[in-house]
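Here's the structure, in structure tokens; my notes come after.
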Amino acid sequence: GPEAAERLRQRVADEVTTTFKSEYAREISLAEALDLDHIAVYNKRATGEKYLINPNKDLD
Numbered sequence: 085g086p087e088a089a090e091r092l093r094q095r096v097a098d099e100v101t102t103t104f105k106s107e108y109a110r111e112i113s114l115a116e117a118l119d120l121d122h123i124a125v126y127n128k129r130a131t132g133e134k135y136l137i138n139p140n141k142d143l144d
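Letter 5 of the sequence shown, counting from 1, is numbered 89 in my numbering, and no numbers are missing.
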């Protein structure tokens, strides 16, 4: 119920920089994510090679 949801929300907030922290090998734009060369790399899904797709990157 609501109490369990609040406990979970608080746990995530408390542990966002530890348990729930993610590290990325590279941050790419949405346009880069659609590029065939990038797809070939991030589709391997290798350990330690997680990509962060930032749709706002390079939108100057």
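All residues carry an ideal CB built from backbone N, CA and C; glycine is no exception.
Does the Cβ of residue i have 16 or more other Cβ atoms within 10 Å, making it buried, or fewer, making it exposed?
{"i": "Ile112", "result": "buried"}
Indicate whether residue i and residue j have their beta-carbon atoms separated by less than 8 Å.
{"i": "Ile137", "j": "Ala117", "result": "yes"}
So residue i packs on residue j, CB below 8 Å; how close in whole Å?
{"i": "Ser106", "j": "Lys134", "result": "7 Å"}
{"i": "Leu114", "j": "Pro139", "result": "4 Å"}
>> Extract the residue ranges of the beta strand (DSSP E) inside the segment 104-143, only unbroken runs of 3 or more that lie entirely within it.
In response: 110-113 and 135-138
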